[in-house]
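Written out below as structure tokens is the structure these notes cover.
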Amino acid sequence: MRASEQYGSNHAASSARLLFKQSCAELCFGFDAMKLAGFLLLLAGFAIVFSAFLMLASQPARAAFVIAGVVVEIIGLALAFRAHIYASAGDEH
Amino acid sequence: MAPLPVPLPQVEFIVSAFCILLAPLAVAGMTLMNTGFARSRGAAHAILSAGAAMSVAALAYFVVGSAIQGFAGGPAHTFSLRGETWNWIGSGYLLMRKLPLEGSGAALVASLQLFCAALAAMIPLGSGLDRWRLGASCASTALLAGFVYPLFAHWLWSGGWLSQVGALDAGGAGVIHATGGLSALAVAWILGARKGKFDTRGMPGAIPGHNLVYIFFGCLLAFAGWLGLDTAAAILLAGVPAARAAIVPLNVSIAAGTSLITSLVVTGIRFGKPDATLSANGFMIGLVSASGACAFISPPAAAAIGLVAGLVLPFSVEWLERLAVDDASGAISVHGIGGLWGVLATGLFAGQWLAQLAMVAALLGFVLPLAYALNLLLNRIYRQRVSGDGERHGMDMCELGSGAYPELPSLGTDSPYR
Chain A
1 MRASEQYGSN HAASSARLLF KQSCAELCFG FDAMKLAGFL LLLAGFAIVF
51 SAFLMLASQP ARAAFVIAGV VVEIIGLALA FRAHIYASAG DEH
Chain B
1001 MAPLPVPLPQ VEFIVSAFCI LLAPLAVAGM TLMNTGFARS RGAAHAILSA
1051 GAAMSVAALA YFVVGSAIQG FAGGPAHTFS LRGETWNWIG SGYLLMRKLP
1101 LEGSGAALVA SLQLFCAALA AMIPLGSGLD RWRLGASCAS TALLAGFVYP
1151 LFAHWLWSGG WLSQVGALDA GGAGVIHATG GLSALAVAWI LGARKGKFDT
1201 RGMPGAIPGH NLVYIFFGCL LAFAGWLGLD TAAAILLAGV PAARAAIVPL
1251 NVSIAAGTSL ITSLVVTGIR FGKPDATLSA NGFMIGLVSA SGACAFISPP
1301 AAAAIGLVAG LVLPFSVEWL ERLAVDDASG AISVHGIGGL WGVLATGLFA
1351 GQWLAQLAMV AALLGFVLPL AYALNLLLNR IYRQRVSGDG ERHGMDMCEL
1401 GSGAYPELPS LGTDSPYR
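Quick mapping for you: the protein sequence lines, in order, are chains A and B.
If you use the working numbering, the first sequence corresponds to residues 1 to 93, in order.
If you use the working numbering, the second sequence corresponds to residues 1001 to 1418, in order.
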């Protein structure tokens, strides 16, 4: 297979994968809902961290909850970025 | 406003007053950098947007923001839980009424905060270059400087819950830069990418700024302003004595220099030749990331902060492009990621890591969603992005009717903006 054909088939495969992922996201969540879920996770992570300081007195328990809250926020941020990638790809197509 | 609870000693008053006079240079430097990063057909729009945003930020902070932020020991709304009182928002007077001017530190804090709010407002302008309408950027700035920034600044600098749990930020790595950088991310998400930034496969292309000299001269101006702003903030907002604050310019300079050299080397290795734009941003991320801990650390620690910042920057710019975020001036990397690293580095080198982690959580989990929601709401009321036709003809012609460089070839006679 020539290099240009190889490139073309790779490109077609990656485009198909992207469109499939897009369709799945659209069917399951819709783009805005996916971003909304990301932002809700961000807020939930913040609530966990804030509550840890308000409700817990012991330092190890606070540390555990703060770390858990930050992890939830990272997941939320990843979801928000993912939603933006899908939305951008949708705009281009 | 009542006077600050502890009267400011004369030496601290004089040093901080002098340093506040340098602070506008930081805003001027950012303005020049944003202009250099814009396309030539949007340069006049970029510099006018910066001037307008600075004015709107100062007004919004003067009218509402100062009341929301208040100051340490001043009036605030609190709530009690399990026997502990938590301070969450200031309850000062609108329009800076009852501000004591008879030698109290409160007037100095108010002046400094005005420049801090203006500096935070410059940051989203960089990410929205070449597509953000003037009116929309002014409205968004009013929301940032009038509500988002003062609320977070109250939490940390005015006796709010973050300062109660022991979080530190001497020069505003979190309060000014991460807040501005995350607002810039929200704006970039809402505006979308500039036309031509990504091809049909989603691969990013380079849209270089139109004037590298502006960018580097802006860096130097910002550097002078940074020294003043960080020193004044360390004295007035973090309670560092003037004698101790003498280390601030040293640490900030070392971090910025280390960061620039690191970015230069990294881009040289990655691309074969050093990248001037990324190196300029490397210098800026060094300034930003050292701001958090500048008054609490030794010079070797500042060098380490700068080294990591300079290493992260080129990769951060690439990652954001892969994540389909069009950050025209690198503001999200420099101020958002640099600011978050500055907050974490303060925990690493000055202790208090749990409180610093809580501050990062508050920035990501509260400031980012709030900035996004406010800008999204604004976008529903008043569309933030310029029309496709206007973007093609350039922001200068579309929004101002005349360009920054009249000697350049002008638009064709069919252009609606002539």
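Note that CB positions come from ideal geometry on N, CA and C, so glycine has one too.
Collapsing the DSSP output to three states places B/G1090 in a strand. Excluding five sequence positions before and after B/R1131, the CB atoms of its chain that fall closer than 7 Å to its own CB belong to L1191, R1194, R1385, V1386 and E1391, given in chain order. For A/S88, the C-beta contacts it makes with chain B under 8 Å involve G1192, A1193, F1198, G1202 and A1324, in order along the chain. Within chain B, no residue has its CB atom less than 8 Å from the CB of A/L79, the nearest being about 12 Å off.
With contacts defined by Cβ atoms closer than 9 Å, B/L1008 and B/L1229 do not form a contacting pair.
Apart from sequence neighbours up to five positions away, the residues of its chain that approach B/A1017 with a beta-carbon distance below 7 Å are L1108, ordered along the chain. Judged by DSSP in its simplified three-state form, B/R1270 adopts helix. Only exposed fits B/G1103, as fewer than 16 other CB atoms lie within 10 angstroms of its CB.
L1368, P1369 and Y1372: these are the residues of the stretch 1367-1382 of chain B whose beta carbon lies less than 7 Å from some beta carbon of chain A, given in chain order. Sorting B/N1034, B/A1362 and B/I1047 by C-alpha distance to the C-alpha of B/S1127 places B/N1034 at the top. Of B/I1014, B/E1012, B/V1027 and B/F1013, the smallest CA-CA separation from B/L1221 is found for B/V1027. A/I75 has a beta carbon lying at 9 Å or more from every beta carbon in chain B. The beta carbon of A/A61 sits no closer than 9 Å to any beta carbon of chain B. For B/A1076, the uninterrupted beta strand (DSSP E) run begins and ends at A1076 to L1081, by DSSP.
Proximity to B/L1408 across B/S1040, B/V1015 and B/L1025 peaks at B/S1040, based on C-alpha coordinates. Distance from the CA of B/F1296 to the CA of B/V1015, rounded to the nearest whole angstrom, comes to 18 Å. Within a 10 Å sphere around the beta-carbon of B/E1084 sit fewer than 16 other beta-carbons, which makes this residue exposed. B/T1200 sits in coil when the DSSP states are folded into three classes, being neither helix nor strand. Interface residue (Cβ-Cβ distance to chain B less than 9 Å): A/A33 is not classified as such. The alpha-carbon separation between B/C1219 and B/M1395 amounts to approximately 24 Å.
The stretch 49-77 of chain A contains no complete beta strand (DSSP E) run of 3 or more residues. Nearest to B/C1019 by C-alpha distance, out of B/Q1113, B/N1375, B/F1366 and B/G1174, is B/Q1113. Rounded to the nearest whole angstrom, the C-alpha separation of B/A1373 and B/A1106 is 32 Å. Straight-line measurement puts the Cα of B/W1086 at about 6 Å from the Cα of B/W1161.
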